[in-house]
Amino acid sequence: MSRPSGRVAAIVGGGVIGGGWAARFLLHGWRVQVFDPHPDAPKHLGAVLANARASLPALADVPMPPEGELVFCDSIAAAVSDAQWVQESVPEDLSIKHKVLAEIEAHTPAATLIGSSTSGFKPGELQQNARHPERIFVAHPFNPVYLLPLAELVPGDAVTAKNRERASELLRSIGMQPLHVRTEIDAHIADRFLEAVWREALWLVNDNVATTEEIDNAIRYGFGLRWAQMGLFETYRLAGGEAGMKHFIAQFGPCLSWPWTKLTDVPELTDELVDKIASQSDAQSGSRTIRELERIRDRNLVGILRALKERDWGAGAILREHDRRLAPAQIHEMPERIDSTAPMRLLDLTVLPAWIDYNGHMTEFRYVQVFSDTCDKMLAMIGMDADYVKSTGGWYTVETHNTLVSEIGVDERIYSTVQVLDASDRKMRVFYCLHAGADDRLLATCEAMYLHVGRESGRVCPAGETLVANARAIAEAHAGLSVPDAVGRFVGQRD
Ligand SMILES: NC(=O)c1ccc[n+]([C@@H]2O[C@H](COP(=O)([O-])OP(=O)(O)OC[C@H]3O[C@@H](n4cnc5c(N)ncnc54)[C@H](O)[C@@H]3O)[C@@H](O)[C@H]2O)c1
Numbered sequence: 200m201s202r203p204s205g206r207v208a209a210i211v212g213g214g215v216i217g218g219g220w221a222a223r224f225l226l227h228g229w230r231v232q233v234f235d236p237h238p239d240a241p242k243h244l245g246a247v248l249a250n251a252r253a254s255l256p257a258l259a260d261v262p263m264p265p266e267g268e269l270v271f272c273d274s275i276a277a278a279v280s281d282a283q284w285v286q287e288s289v290p291e292d293l294s295i296k297h298k299v300l301a302e303i304e305a306h307t308p309a310a311t312l313i314g315s316s317t318s319g320f321k322p323g324e325l326q327q328n329a330r331h332p333e334r335i336f337v338a339h340p341f342n343p344v345y346l347l348p349l350a351e352l353v354p355g356d357a358v359t360a361k362n363r364e365r366a367s368e369l370l371r372s373i374g375m376q377p378l379h380v381r382t383e384i385d386a387h388i389a390d391r392f393l394e395a396v397w398r399e400a401l402w403l404v405n406d407n408v409a410t411t412e413e414i415d416n417a418i419r420y421g422f423g424l425r426w427a428q429m430g431l432f433e434t435y436r437l438a439g440g441e442a443g444m445k446h447f448i449a450q451f452g453p454c455l456s457w458p459w460t461k462l463t464d465v466p467e468l469t470d471e472l473v474d475k476i477a478s479q480s481d482a483q484s485g486s487r488t489i490r491e492l493e494r495i496r497d498r499n500l501v502g503i504l505r506a507l508k509e510r511d512w513g514a515g516a517i518l519r520e521h522d523r524r525l526a527p528a529q530i531h532e533m534p535e536r537i538d539s540t541a542p543m544r545l546l547d548l549t550v551l552p553a554w555i556d557y558n559g560h561m562t563e564f565r566y567v568q569v570f571s572d573t574c575d576k577m578l579a580m581i582g583m584d585a586d587y588v589k590s591t592g593g594w595y596t597v598e599t600h601n602t603l604v605s606e607i608g609v610d611e612r613i614y615s616t617v618q619v620l621d622a623s624d625r626k627m628r629v630f631y632c633l634h635a636g637a638d639d640r641l642l643a644t645c646e647a648m649y650l651h652v653g654r655e656s657g658r659v660c661p662a663g664e665t666l667v668a669n670a671r672a673i674a675e676a677h678a679g680l681s682v683p684d685a686v687g688r689f690v691g692q693r694d
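In structure tokens form, the structure reads like this:
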């Protein structure tokens, strides 16, 4: 994966959120120029970046671009002047934001996109007195910015459709999912919603109904899990059973007029209430440092997001789409000439962070995955594409024998080869090898047998003519190769 050339992002304000943006851009190969007057900003950002390096790459199943360069600047002007994207992440104070935005505008050409991380201000408020309001918008992320894909994109009336589209595309290129908030309101969509939940939680603590820990347990053991994968409405739709959403509203609608909630009242944040919340929170989590909690949170999020990715659902579907963007699918065709002097080299890969086990080496099932991916590539090459599978059938794996020979670590290059031992119209026997890219060291082997199964019949049947001809052509080219020692071995036989 090559580095996107000339991509520069400026981060103005490098705290919790600015640090997260910086990490996301850097890990997608951008040069990042940060301005933050706080003397500890580099130290803080370094800690955020360490967390991001340990988690974001573990979401990808394709190589990410080489990390970009991080530069701290001593003025806004130096940070923003050659940036394509400026992300303002200074404290939530409109007068500070106006001052900073004016300075950003003074040192950037009119084409530079300027996003604000504001949790609550409307774009119209940010754009007051702007020289080019058509490029200033809200890009509201969620902490940790380097893991959570959502960015609420609130353009307001002034931002041009073209700039909105440019901003969306750019956010997608760093793995984010822009949610276009069509109407500008205080706190956008998500924070307005969270505010309602937060208000209720404050009342529950204020009224001694529940502690901070009990409230968190009520969320994380139950509805929080539902929300993470389906949101609110689709979850409630299921709660209505077969009768669906209308039934759900008929059943629970009346509750809305019962005194279930405090509605819009807010408890006054007296010293007493603040102390109560803080001491309960200390008792709940105070034995762990913020950094420890951040790492726990990140590992949990990676696990949840990867589970959703397996299901190609919700935030996981965004991750899959992002993988495809980072490494577009290739078309596999039969080579014009098949080399008869060596097995066919099919996959060239880098060992990804997500493939590493507790020993720091590529974990066992990833070897199997690489062989399976190699098989997919070979089958695609001989003509088994999606149309063939839909209309005719496919080759089914019926037997494999793997040997694991040597270890390999993260970021190392590997490649796989295939030798077709035997190919008929119904059966194929194939031998794969996995090698280290640096020194050709053998890492693993796999002998596999495939049978061709018809889609309709579910039974073994002859494969299509093209597939058989292509498979035979490879087998014939490989007929002169020596049969590898591992072929036909029983489990445990090493020589
Ligand atoms: N914390 C969250 O969960 C969260 C989530 C989404 C959005 N936001 C929004 O992101 C923005 C930043 O919030 P945060 O939580 O990162 O705050 P923070 O206090 O962690 O960081 C703000 C940073 O801005 C720096 N700063 C102050 N004045 C500056 C200036 N004039 N120029 C450059 N830098 C300056 C500070 O030194 C600090 O490092 C706010 O608008 C907030 O509403 C926060």
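Position in the sequence shown (first residue = 1) + 199 = this note's numbering. Yeah, the Cβ is synthetic: ideal placement off N, Cα and C, and Gly gets one too.
Counting C-beta atoms within 10 angstroms of its own C-beta, P238 has fewer than 16 neighbours from the protein chains shown and is therefore classed as exposed. Between H387 and H339 a beta carbon distance of about 6 Å is seen, short of the 8 Å cut, so the two are scored as contacting.
Counting along the chain, no alpha helix (DSSP H) covers V686, and no H or E run does either. In the structure shown, the three-state DSSP call for K321 is coil. When DSSP states are grouped into helix, strand and coil, C660 belongs to the coil group.
For G214, the Cβ falls inside the 7 Å cut-off from some heavy atom of ligand 1.
In the DSSP assignment, A338 forms a beta bridge with L352.
Distances from the alpha-carbon of Q286 to those of D235, M263, H243 put D235 closest. The Cβ atoms of V617 and P542 lie closer than 8 Å to each other.
Counting the other Cβ atoms within 10 Å of the Cβ of R490 gives fewer than 16, which makes it exposed. Put simply, of G592, Q326, P262, A676 the residue whose alpha carbon is nearest the alpha carbon of M533 is A676. Our two residues, G314 and A249, have alpha carbons roughly 24 Å apart in a direct line. Taken through DSSP and simplified to helix, strand or coil, L369 comes out as helix. Closer than 7 Å to some heavy atom of ligand 1: that does not describe the Cβ of T540. With fewer than 16 other CB atoms across the displayed protein chains lying within 10 angstroms of its CB, W397 is exposed. Sixteen is the threshold: since fewer than 16 other Cβ atoms of the shown chains lie within 10 Å of the Cβ of N558, the residue is exposed. Contact between E383 and V353 holds, with the beta-carbon distance rounding to 6 Å and staying under 8 Å.
Proximity of the segment 489-505 to the segment 250-259 meets the contact definition, three or more beta-carbon pairs being nearer than 8 Å. Under the Cβ criterion (8 Å, minimum of three pairs), the segment 479-499 does not count as touching the segment 425-437. Residue burial annotation: N362 is buried, with at least 16 other C-beta atoms found within 10 angstroms of its C-beta. Shortest gap from the CB of N250 to any heavy atom of ligand 1: 7 Å or more. The three-state secondary structure of D511, taken from DSSP, is coil. Between the C-alpha atoms of L518 and K508 there is a straight-line separation of about 6 Å. Contact between V597 and A674 is ruled out by a C-beta separation of about 18 Å, above the 8 Å threshold. For the segment 544-622, the full-length beta strand (DSSP E) segments reaching 3 residues or more read 592-603, 612-622 along the chain. Residue E412 holds the alpha-carbon nearest to the alpha-carbon of Q479 among C454, E412, L500. With a beta-carbon spacing of about 7 Å, N601 and Y566 fall inside the 8 Å limit used to define contacts. Per DSSP, reduced to three states, the secondary structure at M429 is helical.
Taking 8 Å as the cut-off, the beta carbon of A389 is found no closer than this to the beta carbon of E333. Taking a 10 Å sphere around the C-beta of D273, we find fewer than 16 other C-beta atoms and assign the residue as exposed. Going by DSSP, T411 is part of the alpha helix (DSSP H) stretching over 411-417.
Cβ-Cβ separation between A685 and E646: approximately 7 Å, consistent with a contact (criterion under 8 Å). With distances taken between CA atoms, A277 lies nearest to A209 out of P322, F336, E606, A209.
By the beta-carbon neighbour count (other beta carbons within 10 angstroms, threshold 16), V465 is exposed.
If you draw a straight line from the Cα of L546 to the Cα of H634, it comes to about 10 Å. The shortest CA-to-CA distance from L666 to any of S280, G592, V682, R510 is the one to G592.
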